[in-house]
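Protein chains in written order, with the UniProt record's numbering: chain A, 1 to 729; chain B, 1 to 104; chain C, 1 to 209; chain D, 1 to 367; chain E, 1 to 174. Beta carbons are placed, not taken as given, at the ideal position from N, Cα and C, and that holds for glycine. Only a predicted model underlies this, so the values are computations on that prediction, with no experimental measurement involved.
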Amino acid sequence: MNQVAAPLLTPEQNSLALWALLVLVLPLIAGGLLLLFGKKLTRQGDWLAIAATGLAFFLSLYLFFQVWEKQAVHVTWPWFQLATGNTSIISFTTGVYLDNLAVLMLVIVTFISLLVQVFSVIYMHGEWRYHHYFGYLGIFTFSMLGIVLSDNLLLLFIFWELVGFSSYLLIGFWYEKDAAVLAGKKAFLFNRVGDIGFLFGIFLLYTYFHTFDLILLKNAIASGVNQGNNFLFPAITGQADAITLSYTWLTLAGLGIFCGCVGKSAQFPLQVWLPDAMEGPTPVSSLIHAATMVAAGVYLLSRCFPFFTEDALLVIAIIGGLTALLGALAATAQYDIKKILAFSTISQLGYMVMGMGVGAHDASLLHLVTHAFFKASLFLNAGIVIHAMHHAAHEFSDEHSDVQDIRNMGGFRKILPFTFYAYIPAAAALVGLPLFSGFLSKDAILTGAWGWAGFKSQNGNLLYYVIPVFAFGSVLLTGFYMAKHCFYIFFGESKLYKEPELLRENKTAEASGLLLVPVAILAVLSLAFFFSLNPFNYAGSWVMQGVSWQKLLMEQPGLSGGLLPAITTYLHEASYISLATAILSILLAVVGIWLGWLSYKKAVAAGGLSTITAPTSGFSRLAYRHFYLDAFYEKVIINPFMRLSGGAAAFDKNFIDYSLNTFAKIMVVLAKLIGWVDRWLVDGTVHLLVKVAGVTGKLGRFMQNGKVQSYYIFSLLGLILLFLYILAF
Amino acid sequence: MNNIPLIPVLLLGAVLFCLGILAVITKRHAIVVLMGIELIFNAANLNLVAFNRHQPDLMQGQVFSVFVMVIAAAESAVALAIILKVYSYFKTVNLDQIRHETDV
Amino acid sequence: MKEYISSRYNNSFFSVVGALLKGMQLTLQHFFRANKRREPTYVSDPNYFKQPEGLVTLTYPYESLPVPEVGRYRLHNEIDDCIVCDLCAKICPVNCIEIESIKATEDIGITSDGTKKRLHAAVFNIDLAKCCYCGLCTTVCPTDCLTMTKVYDFPETDIKNMIYHFTDLSPEQAQEKRQKYEQQQAEITEAKAAALRAKQEATRDKGNI
Amino acid sequence: MLALILCIVFLLLLVIVTAYAERKVAAFIQDRVGPTETGPHGILQSVMDVVKLLQKEDIIPSAADKRLFALAPIVMFAAVLAGFAVIPITPSAIASGAYLGVFYLLAIISLDVIGLLMAGWGSNNKYAVLGAMRSVGQIVSYEIPAGLAVLSVVMICQSLDLQEISFQQGILMNQFAGLENEVNYLFGLKALDLDVTHVGGITTWNIVRMPFLFIAFIIYFISSLAECNRAPFDIPEAESELVAGFHVEYSGFRFAALFLAEYSMMVLVSLVAVVLFLGSWNTPLPNIGSVQLATWTTGTPGALTGHLWGAFWLLAKTVLLLYTQIWIRWTYPRLRVDQLMHLCWKVFTPIMLVLVLLAGLWRLWMI
Amino acid sequence: MSLVLIFFYVFGFLAIASAAFMLATKNVLYAAFGLLVTLLSLAAIFILLFADFVAITQLMVYVGGVLVLILFGVMLSNQVQGRAVQSESVNGISGGLVASAIFGGLAYLILSADYLLPEGITVADAAPANTKSSIIAIGIRLITNFALPFEVASLILLIALMGAAYISTEDKHE
């Protein structure tokens with residue numbers, strides 16, 4: 001096994017792998033030190049965390065330039081061995097896999113993490129357990145990097161769980177608040193639900209292929225031959241014979257892995273934890289929603305892309321499209337500055353997952369990258385705004401107003417101009433306006449979706465067009481809610497605090513430089529130029545080039561077979577789709593913004609910026625409550641169980657008891673009847689009959705005495721009857 | 001010949017099993033009923049180990065007897081928690097009295 | 001409560017462990033100083049205050065702190081100097097001194113300070129189980145024969161032994177002295193009676209004359 | 001058989017000495033002299049105490065459950081004594097070389113709990129019941145960190161046999177059947193490439209073979225204090241609240257049995273700590289070049305020198321631990337129940353879980 | 001009669017006797033101690049059957065765990081000062097009939113079944129000689145052939161732990 005898994009490595013590759021490991025452990029070391037000794041260090045050790053992450057970032061950059069478009073490094077080490085009794089020994093390997101995708105993720109994760117930590121220095125200043133916060137961030141970054149670097153599913157799963165755990169720590173960081181504790185718990189539990197599926201997917205794959213190694217798995221799967229309903233795989237390592245696997249099981253394995261993504265990337269129907277996760281500190285939201293936790297699901301899909309059959313991909317596409325639409329719809333009705341962004345994240349993740357499902361693998365990853373920057377930027381902007389609101393609320397000793405409600409804000413364009421100008425590019429990128437990064441990636445996904453639908457519906461089944469329609473609908477909604485978000489916060493005039501100075505750090509600066517610099521960097525990175533020299537052509541983007549499926553999967557699309565090349569060809573032929581998508585998406589975005597402006601004007605005109613009431617009209621209430629999904633779970637999962645047990649008890653009491661009681665009653669009536677007949681007709685033999693009937697009635701009552709031990713006796717009588725049967729025959 | 005024949009062990013198991021059943025049937029105290037259940041588990045375990053002694057190639061018998069113990073531990077923990085809850089509610093653990101209390 | 005404690009003390013891991021170790025160190029120091037012993041010296045000894053370390057216990061019956069010369073513990077009566085005046089018995093607040101005196105027939109001697117002794121002490125018992133060590137008896141003693149000594153260690157297994165007998169007369173001697181005195185009294189009474197009778201006779205004689 | 005008798009006599013002697021040392025050390029720490037009268041420096045005090053207790057009338061309270069009351073001390077004493085059976089005293093002397101020694105020990109210690117419950121309930125006294133309940137709650141809880149600490153050692157040593165674990169911790173390792181080709185590296189780190197198989201001494205003790213085991217040792221030691229109901233975890237016997245806990249009604253030879261069981265328990269846990277963590281009967285002196293300190297102070301296994309050296313080192317370390325137990329008792333005040341449980345469940349158990357994981361990884365990757 | 005066989009009969013008799021005592025006594029606590037003796041005798045029989053790991057697990061789980069739990073349950077569910085911990089018997093006759101019928105059936109089945117076992121087998125005698133204890137074999141089986149039941153058992157334990165903890169917590173809402 002080792003001979004197969006570890007081809008000859010050049011010293012350079014070995015050293016690259018070691019550098020990668022250093023990147024991995026740096027945040028862990030910093031985090032561990034902070035958790036243990038943070039209180040003793042100067043400034044509670046935030047410099048240590050930032051320095052470690054910064055170092056990790058620069059190492060990642062080095063790795064990026066060494067690996068990107070040049071080579072793929074796969075280094076393995078023996079991990080552990082299991083003896084299987086009398087047969088051979090099973091070895092497990094672990095290792096580092098660096099390819100274009102991995103180094104890209106490395107850079108993004110460490111970069112966003114670095115910016116978020118710098119931002120947090122001011123944002124979390126004076127916090128009790130300041131050092132714990134940075135420690136948790138370090139562990140979180142470590143876990144995410146582990147997911148990125150793992151070359152096998154088992155290790156990946158371990159880091160996957162670590163991410164879940166550290167996100168639990170971060171979301172519940174303010175554990176004095178009940179809501180934060182509940183949110184952390186909820187996120188944790190919903191992730192577990194997905195992870196069970198993930199685990200079963202891993203087990204299925206292991207059962208068939210006897211390896212966790214992603215590369216070996218990929219090669220094994222790529223060599224499979226489609227035989228109608230089955231796949232024939234040639235003999236793989238450690239296996240004597242070729243194996244035949246049914247399509248259904250492979251689909252199930254793929255869906256199992258997708259379950260993990262559903263939990264972590266907040267896909268329908270497990271997305272409800274994400275809005276609640278806003279209870280965590282805002283920089284944490286920024287980190288979780290931009291580059292790390294939720295992106296992990298998409299990353300996983302990309303890594304495991306070859307393992308998905310065509311049917312599995314279809315499910316993924318449907319779930320993704322549905323999530324995109326539902327998230328966007330919910331976002332339209334929210335008024336919490338962070339909740340809107342949270343639902344927007346759900347929606348955008350839906351895009352990415354849908355992109356994976358429709359085979360737009362590279363477009364999805366491009367969107368992952370661009371989304372990481374602009375969403376981080378938006379959250380950090382929101383953080384500045386909340387910080388300012390808190391500042392003012394503190395000055396006024398105002399503890400009743402909701403400082404996160406956008407209806408309480410307004411006019412920040414003048415008060416916090418720098419923030420406003422940093423906010424605009426990011427928001428525009430999210431909406432998908434041309435010249436901004438979001439346009440590129442969203443356009444790519446939309447084109448892919450359209451192309452997929454077109455290709456699939458060649459047999460006349462137009463239902464496939466539902467997916468692109470969902471996607472385009474989401475574009476419109478995105479424009480609408482982002483416009484609202486922007487207008488409410490930055491336009492008009494401040495609703496709550498009339499003195500703008502109170503919202504600023506001091507007369508000259510609107511906020512501390514450490515808050516503004518990360519935001520500024522991210523805002524600049526939301527421009528399209530960084531991703532493609534031609535801001536209207538995503539195909540030329542260097543990211544797209546680097547992560548295209550031909551490169552990542554080595555021309556082996558895996559179980560989905562010829563789907564990807566076929567779609568590519570189809571898109572090539574129907575070249576109008578690309579152009580139409582671009583125009584349509586811009587149009588929809590603009591219309592969305594216009595509608596948002598109308599809605600804002602209407603609200604201002606109605607003076608209806610009341611912060612107390614929740615929306616009352618039917619649909620917006622539905623959207624505000626997130627389609628009552630939480631209530632749905634309460635009703636569908638929890639209550640039915642309660643009702644089921646209640647029903648069982650009622651069944652026992654009302655049906656079984658009742659029927660036996662009735663039986664007994666009938667017996668008594670019968671006995672009485674016979675008694676009457678006996679008394680009025682003949683005695684003698686009839687008396688005997690009466691006795692018999694009486695005894696039968698008594699037996700019926702006796703068996704039905706409600707004592708569990710008697711029931712036990714009667715059930716044992718059944719066993720005795722069985723003995724008698726055996727004795728008799 | 002340090003070998004115990006199979007039949008006596010199985011008969012011992014059968015006796016313990018029946019005593020366990022007797023305890024479950026005849027006792028009024030919920031905890032004694034629980035003890036009877038433990039006795040039944042043990043009788044089953046004895047059979048498993050005895051069979052394992054005579055067919056040890058895969059150790060199924062011993063492995064499964066360990067599983068039986070695990071289940072028994074889980075079972076008794078939950079059962080005792082329930083009994084204590086019942087006690088705190090009805091102030092008795094007498095099965096017949098509990099039945100009368102619930103039989104409204 | 002919890003907040004109060006955590007605000008007052010540094011509850012971090014290292015300070016707690018440090019405090020625990022400090023305690024262990026303290027007890028260990030005491031343990032190792034156990035090879036030193038406190039000397040049974042009196043407070044006037046210059047060494048008395050220079051022994052802050054080591055065991056403080058004295059193994060009593062074998063060693064003890066010295067008692068000062070003026071220690072006021074067990075009573076002692078120097079019976080040769082005692083004039084059996086009974087003052088001590090009268091002043092005693094707890095009535096622990098029991099004295100029975102016998103008048104002597106003649107002067108029986110002189111005490112060391114020159115007082116004449118005229119009484120025999122038939123019984124001179126001090127019940128030290130009752131004594132409260134107030135010292136009043138010693139202050140009233142005219143001949144300074146009753147004193148307090150520095151003996152403080154005189155436990156007994158029988159409480160009767162706590163009664164100290166100081167008389168130098170055995171009961172037989174006391175009986176003899178008593179008889180002697182009664183005899184003398186009888187003689188004196190007889191002599192007086194004879195004298196009276198003679199006087200009466202003389203008077204009667206004169207009257208007769 | 002001889003080993004068994006020797007062990008029992010030896011260990012009972014050790015128990016008696018410990019009871020005496022307890023009083024003497026307490027006195028010294030408090031600047032007193034302690035017992036002095038019976039024998040020179042009072043060394044016969046414990047013997048006399050036992051003799052006195054044996055002479056006393058056997059009082060069983062009339063309201064007590066007589067059978068339970070009478071049986072409880074015997075059950076406790078038997079349980080603790082049974083634990084001694086698997087303790088290796090020297091390289092060739094062990095009462096019973098059970099292959100599952102460690103596991104057996106953990107199981108046997110839990111038998112002790114039954115005796116406690118019998119004593120507490122049988123006394124028909126509310127202090128006794130309260131004391132027994134507290135004691136059982138405490139012992140059962142602390143079995144978890146202690147068991148995990150033992151588990152981490154077992155993971156490192158890959159054996160449940162106490163004698164095998166002992167052999168692994170010294171220069172005699174390769175003489176044990178099955179360990180002929182094993183190699184000890186310093187700190188268990190193969191990467192350091194310092195072969196200390198024949199250096200022996202302290203370098204092959206478990207706390208050095210896997211340095212994290214030192215933390216496990218500390219936790220095991222503290223947990224064992226709780227399992228023996230020793231101060232500062234003596235809330236089951238808290239004089240100021242429960243008079244004397246579960247043995248408040250006992251007197252005469254039954255009290256003596258309880259007393260001996262308690263002190264035997266102390267000796268037993270100290271022996272286990274020494275065997276598992278502190279090199280068992282191995283010498284602490286390493287071979288340095290041609291100065292073969294370890295070889296000189298080990299003797300020949302099986303011969304008289306081997307017996308004497310082995311017993312000496314084992315008992316020396318045990319006595320040191322016993323002294324520490326006494327020392328701790330006379331230093332710290334008693335904990336509250338909630339503090340006790342907090343320490344067990346929220347501090348020790350998580351730390352030990354991490355350490356067990358570490359031990360596993362260490363074994364996988366390092367050795 | 002080899003020594004092992006004699007020991008087996010002694011412990012078997014002890015197990016039956018103490019189980020019968022458990023049935024006969026009215027005192028719940030005595031019943032628990034009767035069960036204790038049964039469990040200990042069974043542990044001894046396990047050792048005689050070359051199942052030392054199972055025997056010690058029996059000690060640990062049943063004696064150290066389940067029985068302590070039961071004793072705790074008895075003590076917590078009876079007032080210390082009140083009546084003695086008594087338990088009456090019901091269904092004596094019917095229960096006895098059923099149990100003896102089942103025993104008769106079982107005994108008949110055991111005695112009449114054809115076990116297809118090589119009498120005086122050599123495998124069983126050879127196996128303990130190879131390995132000093134059954135624990136190595138059990139350990140290997142547990143993480144290979146029986147890995148799934150092992151994991152499921154751990155899940156069940158966890159669920160039971162959570163369930164028991166949840167059930168026994170005070171219900172604050174009522």
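query: For N230 of chain A, which residues from the same chain have a beta carbon less than 7 Å from its beta carbon, with the 5 sequence-adjacent residues on both sides left out?
result: Answer for N230 of chain A: T244, L245, S246 and Y247, listed in chain order.
field: Selection of the segment 321-350 of chain D by Cβ proximity to chain C, strictly under 8 Å
entry: Taking 8 Å as the upper bound on Cβ-Cβ separation, chain C lies near residues W327, I328, W330, T331 and Y332 of the segment 321-350 of chain D.
message: If I follow the unbroken alpha helix (DSSP H) through K22 of chain C, where does it start and stop?
response: Note, K22 of chain C: alpha helix (DSSP H), F13 to F32.
Neighbour list for N27 of chain E in chain A, Cβ cutoff strictly below 7 Å: Result: empty, since nearest Cβ-Cβ is about 20 Å, beyond 7 Å.
- prompt: If I138 of chain E and L100 of chain D are in contact, beta carbons under 8 Å, what's the gap, nearest whole angstrom?
  reply: That belief does not hold up - the Cβ atoms of I138 of chain E and L100 of chain D are roughly 11 Å apart, past 8 Å.
task: Determine the DSSP secondary structure at I99 of chain C, reduced to helix, strand or coil.
output: Looking at I99 of chain C - three-state DSSP - the assignment turns out to be strand.
query: Using a Cβ-Cβ cut-off of 6 Å (strictly less than) and excluding sequence neighbours within five positions of V369 of chain A, which residues of its own chain qualify?
result: For V369 of chain A, where only same-chain residues beyond five positions count, the Cβ hits under 6 Å are V543.
Anticipated Cβ contact below 8 Å, R413 of chain A with F491 of chain A, distance rounded: Right, the Cβ-Cβ distance comes to about 6 Å (below 8 Å), so this counts as a contact.
message: Spatial neighbours of G675 of chain A within its chain, please: C-beta separation below 7 Å, excluding the five flanking residues on both sides.
response: Close CB contacts of G675 of chain A within its chain, under the 7 Å cut and outside five residues either way in sequence, are with V690 (chain order).
query: Counting Cβ pairs closer than 8 Å, one from the segment 237-245 of chain D and one from the segment 340-354 of chain D, do we hit at least three?
result: Result no; under three Cβ-Cβ pairs closer than 8 Å.
query: Is the Cβ of S710 of chain A closer than 8 Å to any Cβ of chain H?
result: The question asks about chain H, but that chain is absent: this structure's protein chains are A, B, C, D and E.
Chain D contact for A44 of chain E (CB, 8 Å cutoff): For A44 of chain E, no Cβ of chain D is located within less than 8 Å of the residue's own Cβ.
query: Anyone know if the C-beta pair for V116 of chain A and F64 of chain A falls short of 8 Å?
result: In this structure, F64 of chain A does not lie closer than 8 Å to V116 of chain A by Cβ.
query: Any idea what DSSP makes of Q81 of chain A, helix, strand or coil?
result: Here Q81 of chain A sits in strand by DSSP.
- request: Spell out whether any CB of chain B is found under 8 Å from the CB atom of I56 of chain E.
  value: Taking 8 Å as the threshold, the shortest C-beta distance from I56 of chain E to chain B does not fall below it.
Counted within 10 angstroms of its Cβ, other Cβ atoms place W296 of chain D as buried (16 or more) or exposed: Counting the other Cβ atoms within 10 Å of the Cβ of W296 of chain D gives fewer than 16, which makes it exposed.
query: What's the call for Q81 of chain E, buried or exposed, on a 16-neighbour Cβ count within 10 Å?
result: Caution applies to Q81 of chain E, whose pLDDT of 47 falls short of 50 and renders its modelled position unreliable; the value that the coordinates give is listed next. Under this definition Q81 of chain E is an exposed residue.
query: Does the ligand NAP have even one heavy atom less than 7 Å from the beta-carbon of A51 of chain A?
result: For the ligand NAP, the structure offers nothing, since it holds no ligand at all.
message: Which same chain residues end up closer than 7 Å to C141 of chain C when comparing Cβ atoms and leaving out the 5 residues on each side of it in sequence?
response: Result list for C141 of chain C: L87 and C88, in chain order.
task: Report the rounded CA-to-CA distance for K192 of chain C versus Q183 of chain C, giving the unit in angstroms.
output: Each residue's Cα considered, the two are about 14 Å apart.
query: Between which two residues does the alpha helix (DSSP H) carrying F490 of chain A extend?
result: Start and end: V466 to F490.
- prompt: Between L719 of chain A and Y712 of chain A, what straight-line distance do the alpha-carbon atoms span, to the nearest angstrom?
  reply: Whole-angstrom Cα-Cα distance: 11 Å.
- prompt: In chain order, what residues of the same chain lie with their CB nearer than 6 Å to the CB of N2 of chain A, ignoring the 5 residues before and after it?
  reply: Confidence is the limiting factor: at N2 of chain A the pLDDT is only 37, short of 50, which leaves the residue's position unreliable, though a coordinate-based value still follows. The beta carbon of N2 of chain A sits closer than 6 Å to none of the beta carbons in its chain outside the five residues before and after it.
task: State the DSSP-derived secondary structure class of A129 of chain E, mapped to helix, strand or coil.
output: With a pLDDT of only 44 at A129 of chain E, under 50, the local geometry of the prediction cannot be trusted, and the value read off the model is given with reservation. In the structure shown, A129 of chain E sits in a helix (DSSP, three-state: H, G or I).
- prompt: How long is the line joining the alpha carbons of T122 of chain E and I4 of chain B, rounded to whole angstroms?
  reply: Confidence at T122 of chain E is low in this model, with a pLDDT of 46, below 50, so its placement is unreliable and no value can be given for it.
task: Could you tell me the distance, in whole angstroms, from the CA atom of A177 of chain D to the CA atom of A78 of chain D?
output: Approximately 32 Å, taken between the alpha carbons.
- prompt: In chain C, which residues lie less than 7 Å from T36 of chain D when you measure between Cβ atoms?
  reply: Correct list: T59.
message: Using a Cβ-Cβ cutoff of less than 8 Å, which residues in the same chain neighbour P128 of chain E once the five nearest sequence positions on both sides are dropped?
response: Low per-residue confidence applies at P128 of chain E: pLDDT is 47, beneath 50, and the placement is therefore not dependable enough to give any value.
message: Please tell me whether L516 of chain A has its Cβ less than 8 Å away from any Cβ of chain E.
response: Taking 8 Å as the threshold, the shortest C-beta distance from L516 of chain A to chain E does not fall below it.
task: Figure out for me which residue from E:F8, E:T144 and E:A160 has the closest Cα to the Cα of I89 of chain A.
output: Answer by Cα proximity: E:T144.
- prompt: Helix, strand or coil: how does DSSP classify L161 of chain E here?
  reply: L161 of chain E: helix per DSSP, three-state reduction.
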